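Student: Handing you this structure, nothing more for now.
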Amino acid sequence: MAETREKRDGAGLTALGGRAGRAVGLTWRAGPYAASINLVITILQGLVPAGIASLTALLIAGIQHGSSDPDPMTLVAGIAVGGIVLATLPYLSNYTDARVRRQLTLVVQDKLFAAVNRFGGMMRFENPAFLDRLRLAQQAAMTAPDQVTGSLFQIVQSGLSVISFLGVLIVISPLMAAITVVAAIPVLIVQIVISKARVDMMWKISPRNRRQLFYQMLLLDLAAVKEVRLFGLGGFLLERLRTETKAINIAEEKVERKSLFFQTPLGALSAVIAGAGLFWMIRGAVRGEFNLGEVSMFVAAVAGVQGALTGIVTSISQAHNSLLMFGHFVEVSDMESDLPVAADPKPVGTLSKGIELSDVWFRYTDDGPWILKGVDLSIPSGQSLALVGLNGAGKSTMVKLLCRLYDPVKGSITWDGVDIRELDVAELRTRISAVFQDYMSYDLTAAENIGVGDLAHIEDRERILEAAHKADAHDKVSELARGYDTMLSRIFFQGEDNEDPEQGVSLSGGQWQRIALARALMRANRDLLILDEPSSGLDAAAEQAVHDRLREYRTGATSVLISHRLGAVRHADRIVVLSEGRIIESGGHDELIDVGGEYARLFKIQAANYTGDYAEDSAG
Ligand SMILES: Nc1ncnc2c1ncn2[C@@H]1O[C@H](COP(=O)(O)OP(=O)(O)OP(=O)(O)O)[C@@H](O)[C@H]1O
Numbered sequence: 001m002a003e004t005r006e007k008r009d010g011a012g013l014t015a016l017g018g019r020a021g022r023a024v025g026l027t028w029r030a031g032p033y034a035a036s037i038n039l040v041i042t043i044l045q046g047l048v049p050a051g052i053a054s055l056t057a058l059l060i061a062g063i064q065h066g067s068s069d070p071d072p073m074t075l076v077a078g079i080a081v082g083g084i085v086l087a088t089l090p091y092l093s094n095y096t097d098a099r100v101r102r103q104l105t106l107v108v109q110d111k112l113f114a115a116v117n118r119f120g121g122m123m124r125f126e127n128p129a130f131l132d133r134l135r136l137a138q139q140a141a142m143t144a145p146d147q148v149t150g151s152l153f154q155i156v157q158s159g160l161s162v163i164s165f166l167g168v169l170i171v172i173s174p175l176m177a178a179i180t181v182v183a184a185i186p187v188l189i190v191q192i193v194i195s196k197a198r199v200d201m202m203w204k205i206s207p208r209n210r211r212q213l214f215y216q217m218l219l220l221d222l223a224a225v226k227e228v229r230l231f232g233l234g235g236f237l238l239e240r241l242r243t244e245t246k247a248i249n250i251a252e253e254k255v256e257r258k259s260l261f262f263q264t265p266l267g268a269l270s271a272v273i274a275g276a277g278l279f280w281m282i283r284g285a286v287r288g289e290f291n292l293g294e295v296s297m298f299v300a301a302v303a304g305v306q307g308a309l310t311g312i313v314t315s316i317s318q319a320h321n322s323l324l325m326f327g328h329f330v331e332v333s334d335m336e337s338d339l340p341v342a343a344d345p346k347p348v349g350t351l352s353k354g355i356e357l358s359d360v361w362f363r364y365t366d367d368g369p370w371i372l373k374g375v376d377l378s379i380p381s382g383q384s385l386a387l388v389g390l391n392g393a394g395k396s397t398m399v400k401l402l403c404r405l406y407d408p409v410k411g412s413i414t415w416d417g418v419d420i421r422e423l424d425v426a427e428l429r430t431r432i433s434a435v436f437q438d439y440m441s442y443d444l445t446a447a448e449n450i451g452v453g454d455l456a457h458i459e460d461r462e463r464i465l466e467a468a469h470k471a472d473a474h475d476k477v478s479e480l481a482r483g484y485d486t487m488l489s490r491i492f493f494q495g496e497d498n499e500d501p502e503q504g505v506s507l508s509g510g511q512w513q514r515i516a517l518a519r520a521l522m523r524a525n526r527d528l529l530i531l532d533e534p535s536s537g538l539d540a541a542a543e544q545a546v547h548d549r550l551r552e553y554r555t556g557a558t559s560v561l562i563s564h565r566l567g568a569v570r571h572a573d574r575i576v577v578l579s580e581g582r583i584i585e586s587g588g589h590d591e592l593i594d595v596g597g598e599y600a601r602l603f604k605i606q607a608a609n610y611t612g613d614y615a616e617d618s619a620g
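Position 424 of the sequence shown, counting from 1, maps to 424 under full-length UniProt numbering, and the rest follow consecutively.
Rendered as structure tokens:
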């Protein structure tokens, strides 16, 4: 769906005001004391320069006229104190700024990732436009609130400077004061237009940023290094990376050029106004219309007003830019779950009757092809069900629906007769355990890699060992230098440590698969065990052993097993064959072989591969 620019930026004034309020609120919450000190510093920095200039003007006028009222030494002392204040405040403000920034990082990080954790399903993670927004939100979260608050403080400081200097300038020449202010208006407009163009450009190039990141990661990725070396993909990927970076540079250059084109003449205009003013003032002084103190005050005031107005303009533009970026953060952190949440969720009881899929239709996008086309399936409690079918038949998609990572587009899935949309999704998931086809290999210790399967028991070593035994992972883990406390990753170690084998190990694919299986078996309260290709990486003996054990542990528990190795599924209570999103066969192994349909055909092909009868069988 095409997004309008307004919707994308949410750039109306009210929206920007709301975001500014939230950014300041976040900063305040992150560090109220440091933020208060910053505010006081800001006010001092805004007022002191005009004070110093006024005292200097009085001093010069006094010297010119040989007057000692006010006392020159008092004026000098005042100027010196002002100078000391101005010289020391930046250091204090650097410290308090950094302090607020550090605390802010914690607050926004919590907010953003709490929102992401709130997404119950996985639809958003598979949507490239959302991933772009998420990346920008993450970027903005770390910098935008601080920048917005910094810019607002800067605006306050510069505003106070402008007011105090203008007050003095109006006394000397109201016309000059007016011209100085008016000259700043075009600069302000140009800055705002450019900051909009910049944010627009960042949104447009975000797919390129994503690809740039992808190519960079691919060139450094351990998993990719074999293919990249063998197929000689290094230069090819680098070229693609270069193309993306060049396109990004061109887009950025365009905005920067626009900025240069408009800002340079406006900067020159400010200088001309200041020069003309000085000329006019000096001419007046020669005629005796002004004293030297007034001339010095004028010079300081014009420079002060112009500098502060430029500061305001720059800060407004920066705040505007940051607020537009902050919009991504606000949008993501306000997002509700991508799955409808039941207003009054029903408790999820132990599965006693079973799970029922009724006329389930599913597709990933509104205009995409149907992946599941009216699936009706009962999974009675305690039954082991095997799901078989060619690549792309929709088996893993069905698993995602069972875990409620997506909802069916039409039809329903019930848990003991209750639609799973009416249950609390987190509670439902505590009753399900799974080994996904693309299981995770966490950069954690062996014990943690298994323990995360049931976080409440992550410290329960006995239970972890039991799960490892069931998954046939115990022997391998025990052999590791630090046993279950061995880090199953080498990414956290550096320098000398990297050479120390005790500091972390790399496992083979099959070994990882056993760990993933142990993780799934770790979950204590599971009623449903889903195994999506749990043994594809195992050697023949290990696969046999794992399946024998799994059969044992599946007994009495409801399970769904997906495997292309039909030898592994033949013992299931029921085998269901899925083809192009429809169930075409269902029954026990013997029954399906007798029927002589798709299952029998696939089984014969695999069996023939082992017996050597392939040619005759497949020909016949
Ligand atoms: N996130 C997604 N977005 C769009 N289409 C998808 C997505 N995931 C899977 N598909 C499509 O859905 C169809 C079914 O995929 P699925 O992974 O469920 O098949 P499968 O039966 O598990 O296949 P395999 O045996 O290869 O694992 C495929 O055509 C695939 O391209």
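Even glycine gets a Cβ: it sits at the ideal position worked out from N, Cα and C.
Computed from a predicted model, the values in this text were never measured in an experiment.
With distances taken between CB atoms, is the gap from L351 to L528 smaller than 8 Å?
Tutor: The count along the sequence shown starts at 1 and reaches residue 351 at position 351. The count along the sequence shown starts at 1 and reaches residue 528 at position 528. Taking 8 Å as the Cβ cut-off, L351 and L528 qualify as a contacting pair.
Student: What is the chain-ordered set of residues for which the beta carbon lies under 5 Å from any non-hydrogen atom of ligand 1?
Tutor: That query returns the following residues: E126, Y364, I371, N391, G392, A393, G394, K395, S396, T397.
Student: Quick check on this structure: which residue in A557, V577, G588, S579 has the alpha carbon closest to the alpha carbon of R570?
Tutor: What you label residue 570 is simply residue 570 of the sequence shown in a count that begins at 1. For the residues A557, V577, G588, S579, the minimum Cα distance to R570 belongs to G588.
Student: Does the Cβ-Cβ distance between V81 and L44 come in under 8 Å?
Tutor: Translated into positions along the sequence shown, residue 81 becomes position 81. Translated into positions along the sequence shown, residue 44 becomes position 44. No. Outside cutoff.
Student: Looking at C-beta atoms only, is the number of pairs between the segment 382 to 397 and the segment 570 to 585 that lie closer than 8 Å three or more?
Tutor: They touch, by the three-pair rule.
Student: Answer with buried or exposed for I155, where buried requires no fewer than 16 other C-beta atoms within 10 angstroms of its C-beta.
Tutor: As a first step, residue 155 is located in the sequence shown; it is residue number 155 there, counting from the start. Its Cβ being crowded by 16 or more others within 10 Å, I155 is buried.
Student: What is the DSSP secondary structure of V576, counted as helix, strand or coil?
Tutor: Taking the first residue of the sequence shown as 1, we reach residue 576 at position 576. Three-state DSSP puts V576 in a strand.
Student: With distances taken between CB atoms, is the gap from K258 to I194 smaller than 8 Å?
Tutor: Here residue 258 refers to the residue found at position 258 of the sequence shown. Here residue 194 refers to the residue found at position 194 of the sequence shown. In contact: K258 and I194 (Cβ atoms closer than 8 Å).
Student: Taking the beta strand (DSSP E) that D376 falls in, what are its first and last residues?
Tutor: Taking the sequence shown and counting its residues from 1, one reaches residue 376 at position 376. 372 to 380 is the span of the beta strand (DSSP E), which, as asked, contains D376.
Student: Taking 8 Å as the threshold, find out whether the segment 334 to 348 comes into contact with the segment 403 to 415 through three or more Cβ pairs.
Tutor: Yes: the two stretches touch, three or more of their Cβ pairs being nearer than 8 Å.
Student: Would you mind giving the Cβ-Cβ distance between A520 and S433, rounded to the nearest angstrom? I have them listed as a contact below 8 Å.
Tutor: Numbered from its first residue, the sequence shown carries residue 520 at position 520. Numbered from its first residue, the sequence shown carries residue 433 at position 433. That belief holds up - the Cβ atoms of A520 and S433 are roughly 5 Å apart, short of 8 Å.
Student: Going by alpha carbons, who is nearest to K400 out of V425, M335, V24?
Tutor: Translated into positions along the sequence shown, residue 400 becomes position 400. Taking only the C-alpha atoms, the option nearest K400 is V425.
Student: Determine the DSSP secondary structure at A607, reduced to helix, strand or coil.
Tutor: Working through the sequence shown from its first residue, we reach residue 607 at position 607. Three-state DSSP puts A607 in a helix.
Student: According to the neighbour-count rule (16 or more other Cβ atoms, all chains shown, within 10 Å of its Cβ), is K395 buried or exposed?
Tutor: For the purposes of this step, residue 395 is taken as the residue at position 395 of the sequence shown. Under this definition K395 is a buried residue.
Student: Specify the secondary structure class of M487 as computed by DSSP and reduced to three states.
Tutor: In the sequence shown, residue 487 corresponds to position 487, counting from 1. The answer is strand: DSSP assigns M487 an E or B state.
Student: What are the boundary residues of the beta strand (DSSP E) that K410 is part of?
Tutor: The residue given as residue 410 occupies position 410 in the sequence shown. Segment 410 to 415, the beta strand (DSSP E) holding K410.
Student: Alpha carbon to alpha carbon, how far is V171 from S68?
Tutor: In the sequence shown, counting from the first residue as 1, residue 171 sits at position 171. In the sequence shown, counting from the first residue as 1, residue 68 sits at position 68. Whole-angstrom Cα-Cα distance: 23 Å.
Student: Do you know how far the Cα of G483 is from the Cα of T445?
Tutor: As a position in the sequence shown, residue 445 is number 445, starting the count at 1. As a position in the sequence shown, residue 483 is number 483, starting the count at 1. Rounded to whole angstroms, T445 to G483 spans 9 Å at the Cα level.
Student: Starting from R135 and walking both ways along the alpha helix (DSSP H), at which residues does that stretch end?
Tutor: Sequence index remark: in the sequence shown, residue 135 carries index 135 (1-based). 128 to 172 is the span of the alpha helix (DSSP H), which, as asked, contains R135.
Student: Please look up how many angstroms separate the CB atoms of R514 and A471, rounded, as I've assumed it's under 8 Å.
Tutor: For this step, residue 514 is matched to residue 514 along the sequence shown. For this step, residue 471 is matched to residue 471 along the sequence shown. So it is a contact: roughly 5 Å between Cβ atoms.
Student: Could you have a look at T558 and say whether DSSP puts it in helix, strand or coil?
Tutor: Residue 558 sits at position 558 when you count from the first residue of the sequence shown. Three-state result, T558: strand.
Student: What are the boundary residues of the alpha helix (DSSP H) that includes R582?
Tutor: Translated into the one-based positions of the sequence shown, residue 582 becomes position 582. It is not in any alpha helix (DSSP H) - R582 instead sits in the beta strand (DSSP E) that spans 582 to 587.
Student: Assign D334 to one of two classes, buried (16 or more other C-beta atoms within 10 Å of its C-beta) or exposed (fewer than that).
Tutor: For this step, residue 334 is matched to residue 334 along the sequence shown. It is exposed - the Cβ of D334 has fewer than 16 other Cβ atoms within 10 Å.
Student: What separation, rounded to the nearest whole angstrom, lies between the Cα atoms of Q606 and E585?
Tutor: For the purposes of this step, residue 606 is taken as the residue at position 606 of the sequence shown. For the purposes of this step, residue 585 is taken as the residue at position 585 of the sequence shown. Approximately 18 Å, taken between the alpha carbons.
Student: State the start and end residues of the unbroken beta strand (DSSP E) segment that holds D475.
Tutor: Position 475 of the sequence shown holds residue 475. Looking at the DSSP string, D475 is not in any beta strand (DSSP E); the run it does join, the alpha helix (DSSP H), is 474 to 479.
Student: Across which residues does DSSP place residue 652 in a beta bridge pair?
Tutor: With the chain represented from 1 up to 620, any question about residue 652 goes unanswered, as that position is not in the structure.
Student: Helix, strand or coil for G17, going by three-state DSSP, please let me know.
Tutor: By one-based count along the sequence shown, residue 17 stands at place 17. G17 falls in the helix class under three-state DSSP.
Student: Please look up how many angstroms separate the CB atoms of T149 and V295, rounded, as I've assumed it's under 8 Å.
Tutor: Here residue 149 corresponds to residue number 149 of the sequence shown, with the count starting at 1. Here residue 295 corresponds to residue number 295 of the sequence shown, with the count starting at 1. That pair is no contact at about 39 Å.
Student: Curious, which full-length alpha helix (DSSP H) runs of at least 4 residues does the segment 520 to 554 contain?
Tutor: DSSP runs (the alpha helix (DSSP H)) wholly in the segment 520 to 554: 540 to 554.
Student: If distances are taken between C-alpha atoms only, which option among P174, A308, D438 comes closest to M281?
Tutor: Start at 1 with the first residue of the sequence shown, and residue 281 comes out as number 281. Of the candidates P174, A308, D438, the one whose C-alpha sits nearest the C-alpha of M281 is P174.
Student: Restricting to Cα atoms, I'd like to know which of E598, R526, S478, R523 is closest to Q511.
Tutor: As a working note, residue 511 is residue 511 in the sequence shown. Comparing Cα-Cα distances from Q511 to each of E598, R526, S478, R523, the minimum goes to S478.
Student: Mapping DSSP to helix, strand and coil, what is L55?
Tutor: Here residue 55 refers to the residue found at position 55 when the sequence shown is read from its first residue. Note: L55 maps to helix in three-state DSSP.
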